[in-house]
Every structure is written in C-alpha cells, then in structure tokens.
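Colleague: Residue numbers (my numbering): 20 to 164. Can you read through this structure? Questions will come right after.
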Amino acid sequence: MSPTAEPAQRTLSARGFRGFVPFRALPGSNVPTGHGIYVVIRTDTSPPSFLPTSPAGHLKDRDPSVTADKLGDAWVDGATVVYIGKAAGQNGLNQRLADYRRHGTGLMAGHWGGRYIWQLADSDTLLVAWLPCEIIAERLDSIAT
Numbered sequence: 020m021s022p023t024a025e026p027a028q029r030t031l032s033a034r035g036f037r038g039f040v041p042f043r044a045l046p047g048s049n050v051p052t053g054h055g056i057y058v059v060i061r062t063d064t065s066p067p068s069f070l071p072t073s074p075a076g077h078l079k080d081r082d083p084s085v086t087a088d089k090l091g092d093a094w095v096d097g098a099t100v101v102y103i104g105k106a107a108g109q110n111g112l113n114q115r116l117a118d119y120r121r122h123g124t125g126l127m128a129g130h131w132g133g134r135y136i137w138q139l140a141d142s143d144t145l146l147v148a149w150l151p152c153e154i155i156a157e158r159l160d161s162i163a164t
C-alpha cells in the first residue's frame, strides 16, 4: 500500500483551502467567483503511469502532448500537490477552474499551464482545492510579471 495525500490535504484544509473534489465534480461545487489560488492533488504517491498522448484540447494548433521521458523528468517522486495555479484575472476561480476542466476533456480552453496533469493515467482521480484570497492572488500576479 502506498502512502496517500492525506497529510497534504489536512495541511491545506487547515490553511483555508476548500473543495478537494475531482475535476468532474467542479460544476456543482460552488467554486467562488473571486480571485485566489488553487492546487491539484494526486492522492496516490506511487510512481505514475503516463498516457502516450494527452486527451487535453489543442490551443492555437499546439498539441499539449509531451513525451513520457519529459513527463518523467518533470515528475517529483512522492509528490501529492502536482500543480499550483492562480486566478487573478477578471474571471476568478470559478471560470479559471472551469477552463482547466474543459481543457482536460479535450475542448479548447485558455488554460495551457498545468497541461501535463492530463497525461497522468489516473488524471480522473485528481482532486482540486481552492483558496479565495484577493491579496495573495494580487501578489502572485505581481511576482509573475
């Protein structure tokens, strides 16, 4: 039996993160509309299997697929948090996560960052959590520019 992401979930929850739902459950999850940050958690810490091609949507004629070697090089052994994102634009957390989910289903959506997660063979088990926070989102935005 491999370790789980439970310690990360407890820590994030204690820090105010909410949700912890699979992408498919996002539409009914009352994701806030304001700014904030979000994380994607893989609950199984065993080494992942990668799909040969990504099911994610192409954006501006770019294929989101990368080689298994590239995915393996990017992987951090034992990782539970596999992506951290921000929603600091005019649309907020709800729209940003909706775009991310749609991208993973093969639809074209404006969420190119974090595309590697869709090549995980167990991407359907990934959990999403969010933390509404205007100040953090603004600070992250200023750091990124």
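Note that the Cβ used here is the ideal one computed from N, Cα and C, for glycine as well.
Tell me whether T99 is buried or exposed, calling it buried when 16 or more other Cβ atoms sit within 10 Å of its Cβ.
Modeller: Your numbering for residue 99 matches position 80 in the sequence shown. Burial call: buried.
Colleague: Does F36 come out as helix, strand or coil in the three-state DSSP assignment?
Modeller: Along the sequence shown, read from residue 1 onward, the residue named residue 36 stands at position 17. Residue state, collapsed to three classes: coil.
Colleague: Could you say if the region 59 to 71 and the region 86 to 98 meet the contact criterion of at least three C-beta pairs nearer than 8 Å?
Modeller: These segments touch.
Colleague: If we count Cβ pairs, one from each stretch, closer than 8 Å, do we get three or more for the region 141 to 150 versus the region 58 to 65?
Modeller: Cβ pair count under 8 Å is three or more, so yes.
Colleague: If we require 4 or more residues per run, which alpha helix (DSSP H) segments fall completely within the region 52 to 106?
Modeller: Complete alpha helix (DSSP H) runs here, min 4: 87 to 93.
Colleague: Using CA atoms only, rank isn't needed, just tell me which of G53, Y102 and G108 is closest to W137.
Modeller: Against the sequence shown, residue 137 aligns to sequence position 118. Of G53, Y102 and G108, the residue nearest in Cα terms is Y102.
Colleague: Would you decide whether R134 is buried or exposed? Buried here means 16 or more other CB atoms lie within 10 Å of its CB.
Modeller: Position 115 of the sequence shown, counted from the start, is the residue given in the question as residue 134. By the 10 Å Cβ count, R134 comes out buried.
Colleague: Within the same chain, show all residues whose beta-carbon is closer than 6 Å to that of H122, passing over the 5 residues directly before and after it, in chain order.
Modeller: The residue given as residue 122 occupies position 103 in the sequence shown. Counting only Cβ-Cβ distances below 6 Å, and skipping sequence neighbours, we find A75, G76, A128 and H130.
Colleague: Quick check: what's the CA-CA separation for S32 versus G38?
Modeller: For the purposes of this step, residue 32 is identified with residue 13 of the sequence shown, where counting begins at 1. For the purposes of this step, residue 38 is identified with residue 19 of the sequence shown, where counting begins at 1. Distance between the alpha carbons of S32 and G38 is about 9 Å.
Colleague: Excluding sequence positions up to five away, which residues of its chain have a Cβ less than 6 Å from the Cβ of R115?
Modeller: Position 96 of the sequence shown, counted from the first residue, corresponds to residue 115. Counting only Cβ-Cβ distances below 6 Å, and skipping sequence neighbours, we find A106.
Colleague: Alpha carbons only, please: which of L126, A27 and D143 is nearest the one belonging to D80?
Modeller: By one-based count along the sequence shown, residue 80 stands at place 61. Residue L126 is the option with its Cα nearest to D80.
Colleague: Rounded to whole angstroms, what is the Cα-Cα separation between G108 and V40?
Modeller: The residue labelled residue 108 in the question sits at position 89 within the sequence shown. The residue labelled residue 40 in the question sits at position 21 within the sequence shown. Computed Cα separation, rounded: 23 Å.
Colleague: Check whether the Cβ atoms of G111 and T52 sit closer than 7 Å, and answer yes or no.
Modeller: Position 92 of the sequence shown, counted from the start, is the residue given in the question as residue 111. Position 33 of the sequence shown, counted from the start, is the residue given in the question as residue 52. Contact flag set, yes.
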